[in-house]
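Taken in sequence, the protein lines are chains A and C.
Residue numbers for the first sequence follow the UniProt record's numbering, so the first one is 1 and each next one is one higher.
Residue numbers for the second sequence follow the UniProt record's numbering, so the first one is 1 and each next one is one higher.
Quick notes on the structure that follows.
Number of protein chains: 2
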Amino acid sequence: MQAKISTLEQVAREAGVSPSTVSRILNGTAAVKDSKREAVERAINKLNYQPNRVAQALASGRSMTIGVLTQNIASPFYGECLEGVEKGLAGTGYTPIFANGHWDAKEEAHRIALLASRQVDGLIVLTGGMLDEALVHQAARIPVVVTGRQLDAANVYSFWLDDRAAAREATAYLISLGHHQIAHICGAPGHPDSEERQAGYKDALAAAGIAIDPRLIVQGEYSEVSGVVAVSQLLSDRIPFTAIFAANDQMALGARLGLYQRGIRVPEDVSLVGFDDLPYSSYMAPPLTTVRQPAFEIGMAAAQTLVSVLSGQTPQRPDLRLELITRDSTRRLR
Amino acid sequence: MQAKISTLEQVAREAGVSPSTVSRILNGTAAVKDSKREAVERAINKLNYQPNRVAQALASGRSMTIGVLTQNIASPFYGECLEGVEKGLAGTGYTPIFANGHWDAKEEAHRIALLASRQVDGLIVLTGGMLDEALVHQAARIPVVVTGRQLDAANVYSFWLDDRAAAREATAYLISLGHHQIAHICGAPGHPDSEERQAGYKDALAAAGIAIDPRLIVQGEYSEVSGVVAVSQLLSDRIPFTAIFAANDQMALGARLGLYQRGIRVPEDVSLVGFDDLPYSSYMAPPLTTVRQPAFEIGMAAAQTLVSVLSGQTPQRPDLRLELITRDSTRRLR
DNA sequence: GATCATCTTGAAAGCGTTGTCATGAATGGG
DNA sequence: CCCATTCATGACAACGCTTTCAAGATGATC
Numbered sequence: 001m002q003a004k005i006s007t008l009e010q011v012a013r014e015a016g017v018s019p020s021t022v023s024r025i026l027n028g029t030a031a032v033k034d035s036k037r038e039a040v041e042r043a044i045n046k047l048n049y050q051p052n053r054v055a056q057a058l059a060s061g062r063s064m065t066i067g068v069l070t071q072n073i074a075s076p077f078y079g080e081c082l083e084g085v086e087k088g089l090a091g092t093g094y095t096p097i098f099a100n101g102h103w104d105a106k107e108e109a110h111r112i113a114l115l116a117s118r119q120v121d122g123l124i125v126l127t128g129g130m131l132d133e134a135l136v137h138q139a140a141r142i143p144v145v146v147t148g149r150q151l152d153a154a155n156v157y158s159f160w161l162d163d164r165a166a167a168r169e170a171t172a173y174l175i176s177l178g179h180h181q182i183a184h185i186c187g188a189p190g191h192p193d194s195e196e197r198q199a200g201y202k203d204a205l206a207a208a209g210i211a212i213d214p215r216l217i218v219q220g221e222y223s224e225v226s227g228v229v230a231v232s233q234l235l236s237d238r239i240p241f242t243a244i245f246a247a248n249d250q251m252a253l254g255a256r257l258g259l260y261q262r263g264i265r266v267p268e269d270v271s272l273v274g275f276d277d278l279p280y281s282s283y284m285a286p287p288l289t290t291v292r293q294p295a296f297e298i299g300m301a302a303a304q305t306l307v308s309v310l311s312g313q314t315p316q317r318p319d320l321r322l323e324l325i326t327r328d329s330t331r332r333l334r
Numbered sequence: 001m002q003a004k005i006s007t008l009e010q011v012a013r014e015a016g017v018s019p020s021t022v023s024r025i026l027n028g029t030a031a032v033k034d035s036k037r038e039a040v041e042r043a044i045n046k047l048n049y050q051p052n053r054v055a056q057a058l059a060s061g062r063s064m065t066i067g068v069l070t071q072n073i074a075s076p077f078y079g080e081c082l083e084g085v086e087k088g089l090a091g092t093g094y095t096p097i098f099a100n101g102h103w104d105a106k107e108e109a110h111r112i113a114l115l116a117s118r119q120v121d122g123l124i125v126l127t128g129g130m131l132d133e134a135l136v137h138q139a140a141r142i143p144v145v146v147t148g149r150q151l152d153a154a155n156v157y158s159f160w161l162d163d164r165a166a167a168r169e170a171t172a173y174l175i176s177l178g179h180h181q182i183a184h185i186c187g188a189p190g191h192p193d194s195e196e197r198q199a200g201y202k203d204a205l206a207a208a209g210i211a212i213d214p215r216l217i218v219q220g221e222y223s224e225v226s227g228v229v230a231v232s233q234l235l236s237d238r239i240p241f242t243a244i245f246a247a248n249d250q251m252a253l254g255a256r257l258g259l260y261q262r263g264i265r266v267p268e269d270v271s272l273v274g275f276d277d278l279p280y281s282s283y284m285a286p287p288l289t290t291v292r293q294p295a296f297e298i299g300m301a302a303a304q305t306l307v308s309v310l311s312g313q314t315p316q317r318p319d320l321r322l323e324l325i326t327r328d329s330t331r332r333l334r
């Protein structure tokens, strides 16, 4: 076992065959006589040969890499997605390359260009603010899977979940528990999913004949701290409420802290519902009632879809859905 | 703007110069007459040319990629590290490629081999169970930065933080608050850092003249659920304790839930201390007293170190340290 | 205006593979 | 045992770029 790198040509020489034969054995491209195969395998072991993927990529035109554009690797939601992508790609020979868009359309475009220059064979875009046409443009060269939007175009495969319906269901659940004064902490302004969730909240109130009180709708931006801020705003404005529906779990966590700091108990005084079902949400005290997003499954499905497209198959539509998980942060209003 | 890909040669032809000249302009390798430069730049814009990084890598021998081996992308701790790596690499031209070892030495070795076959120019190993010699072996070809261990070898740069001292400090803090019956939830068995943290816990007890009660030391494995389990074990064994020091925040979160479910209040009935200072820890109710690991800074320092090594400079030692952050999950025993 | 150093440029040889094509060997049918 | 296939193999040209190397152009010097 030596650190020195060896090439296919050296292996060929060592085994007394031509480079083509070694390549054929490596890739199973054609039949090779057993005697030569053994000689080559011996040579490979002896020289500790590892194929140079860069050279393979250049020669074959396939880099065996998949570009994955997320917004923020460190966020728990994307982390789970990426885990799913990794799982979906495991054993396929494809390696993911992750890039962060940081919620900035310019930055996203730049990252995608970078991925393209690295000759990725396919692209997974996990939400983000890019224009549809930019994606369609990429799809002219390589297949693109995009989540969080609906986009019908050649070579584009989109997964979309009905956030609005799920938000409606979550809010309706609170209403069914007797809550009428339900506050909503919105997600980041401008994000389609935060608009959808707010629309679902309003849908549910309307369906129950509850007037929408704009003072109960406070702006957040998906971070924990914005949940804390939202709660203090609600409280300092002295707007009475018995429940909060936060547009994601991170803000629900923040809201829970804001309430805690003022001695307001969850769920005794205020019921709390989130959205996402992050790994930590079921460990909150109390465990959070929330809408489960199948983040891992989304990532995995995206990866699997891309791989089947790349291998020339027709991908099958995954069955992904949002689901209300009731835990202990909500209770019936007496 | 067209989807068609163009090559350096096409640009050269379009501009009426040789490929060499285009390459020189792209890389600033040599002086080129302004008239030609302009012609080439025009051609680049016209053809929407993007250099093929794969070809560049093969020709130059530098792939401009950095392999980053973590254990679990989705874990909040590694997520932050990776964010730091990304930040440290931003603007340097290097792209990180992440790989997950999943806490398995075999898997780690396999991942590193894969990264090597992709011709990464450097390697960042964020902890992990690999043997030192395996790393030294890699370092024969490319520079290696490794965190979480001390390793003096050529071409290896290691960052190590004194977990034991920090754990001692955290435990001593509990003792200073009047706690004598302090339980410890251990990290995953076999991990050096979990052993270190346990040793620090024992150090502090010994220094205070408190006998170590083995029944107060319960095994965990760094996950939230293992914190829940540890607490139920402690409770069902009816071992009296007034404080818990968990070897990481995830287990502290689990412990906090376990206590909550039995109506045991934090910090009124039991004080709780964690380790890591994850993003969510300051949002727990109550906010968690914990040892802050500068995860982001570790990642960033690792990246910066590697980049300076790759550019032929001598990297400067980063100043990284663990720090006890006291918040509201601990209180003086009356 | 001749000589020599300095700039600018193009030709061409890689980088480590893959994949096509041609060739000689082996196989099978009659 | 000969001819037509099929098999197994090697030569060689890509892939898109970098990087010598050498030569032509330019300019400085006396």
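Ideal placement from N, C-alpha and C gives every residue a C-beta, glycine not left out.
Here the structure is a predicted model, which is why all the values come from computation and not from measurement.
For residue i, the nearest candidate out of the options (CA to CA)
| i | options | result |
| --- | --- | --- |
| G274 of chain A | A:E224, A:T314, A:L235 and A:S236 | A:E224 |
| L126 of chain A | A:R118, A:Q313, A:L161 and A:T95 | A:L161 |
| G227 of chain A | A:A165, A:L259 and A:D237 | A:L259 |
| S329 of chain A | A:L177, A:V309, A:C186 and A:G84 | A:L177 |
| L123 of chain A | A:D132, A:I112 and A:G129 | A:I112 |
| residue 335 of chain C | C:A172, C:V231 and C:R238 | Outside the displayed span of chain C (1 to 334) sits residue 335 of chain C, for which this structure offers no information. |
| residue 335 of chain A | A:A43, A:M251, A:I66 and A:S271 | With chain A represented from 1 up to 334, any question about residue 335 of chain A goes unanswered, as that position is not in the structure. |
| N45 of chain C | C:D34, C:A15 and C:S63 | C:A15 |
| Y222 of chain C | C:G254, C:G200, C:R321 and C:T289 | C:G254 |
| R262 of chain A | A:Q10, A:L234 and A:D276 | A:L234 |
| K4 of chain C | A:P214, A:H137 and A:A295 | A:H137 |
| N72 of chain A | C:S60, C:V85 and C:M64 | C:V85 |
Under 7 Å from the C-beta of residue i: neighbouring residues of chain A
| i | result |
| --- | --- |
| F98 of chain C | F98 |
| Q50 of chain C | A113, A116 and S117 |
Listed by chain order, chain C residues near residue i by CB distance under 7 Å
| i | result |
| --- | --- |
| L253 of chain A | Y280 and Y283 |
| G220 of chain A | Within 7 Å Cβ-Cβ: nothing; G220 of chain A doesn't reach chain C, min ~14 Å. |
| S63 of chain A | V54 |
Buried versus exposed call for residue i [16 or more other C-beta atoms within 10 Å across all chains shown]
| i | result |
| --- | --- |
| D163 of chain C | buried |
| G220 of chain A | buried |
| H179 of chain A | buried |
| residue 335 of chain C | Any property of residue 335 of chain C remains undetermined from this structure, which presents chain C solely from 1 to 334. |
| P267 of chain C | buried |
| M1 of chain A | Reliability fails at M1 of chain A, whose pLDDT of 42 lies under 50, so the model's placement of it is uncertain and the value that follows must be treated cautiously. M1 of chain A should be labelled exposed. |
| E9 of chain A | exposed |
| S281 of chain A | buried |
| L288 of chain A | buried |
| P214 of chain C | exposed |
Opening and closing residue of the alpha helix (DSSP H) in which residue i lies
| i | result |
| --- | --- |
| A211 of chain C | Run containing A211 of chain C: none; DSSP gives neither H nor E here. |
| F77 of chain A | P76 to L89 |
| H137 of chain A | D132 to A139 |
| H184 of chain A | Premise fails: H184 of chain A lies in the beta strand (DSSP E), I182 to I185, not in any alpha helix (DSSP H). |
| T171 of chain A | D163 to S176 |
| S35 of chain A | D34 to L47 |
| V22 of chain A | P19 to N27 |
| H191 of chain C | Taken as a continuous stretch (DSSP letters only), H191 of chain C belongs to no alpha helix (DSSP H), as it is neither H nor E. |
Which residues DSSP lists as bridging residue i, in chain order
| i | result |
| --- | --- |
| E323 of chain A | A:R292 |
| D152 of chain C | Per DSSP, none; premise fails for D152 of chain C. |
| G274 of chain C | C:T290 |
| Y260 of chain C | Bridge partners of Y260 of chain C: none, in fact. |
| L68 of chain A | Looking at the sequence shown, residue 68 of chain A is not Leu but Val. According to DSSP, V68 of chain A bridges with A:F98 and A:I124. |
| V218 of chain C | C:I185 |
Residue i Cβ short of 7 Å to the ligand SAH heavy atom set
| i | result |
| --- | --- |
| P318 of chain A | With respect to small molecules bound, the structure shown includes none, and the ligand SAH cannot be examined in it. |
Enclosing beta strand (DSSP E) for residue i [first to last residue]
| i | result |
| --- | --- |
| S282 of chain C | Per DSSP, S282 of chain C belongs to no beta strand (DSSP E) and is neither H nor E. |
| N100 of chain A | T95 to N100 |
| G227 of chain A | Counting along the chain, G227 of chain A falls outside any beta strand (DSSP E), though it belongs to the alpha helix (DSSP H) covering E224 to S236. |
| A243 of chain A | A243 to A246 |
| V144 of chain C | V144 to T147 |
| I124 of chain A | G122 to L126 |
Under 8 Å from the C-beta of residue i: neighbouring residues of chain A
| i | result |
| --- | --- |
| A57 of chain C | V54 |
| I5 of chain C | R141 |
Proximal residues of chain A, C-beta to C-beta of residue i below 9 Å
| i | result |
| --- | --- |
| P19 of chain C | Ordered by position in chain A, no residue passes the 9 Å Cβ test against P19 of chain C, which lies about 16 Å from the chain. |
Per-residue contacts from residue i into chain C (C-beta, under 8 Å)
| i | result |
| --- | --- |
| A74 of chain A | P76, G79, E80, L82, E83 and P279 |
| P294 of chain A | Near P294 of chain A there are no residues of chain C at all, since even the closest Cβ is about 14 Å away, more than 8 Å. |
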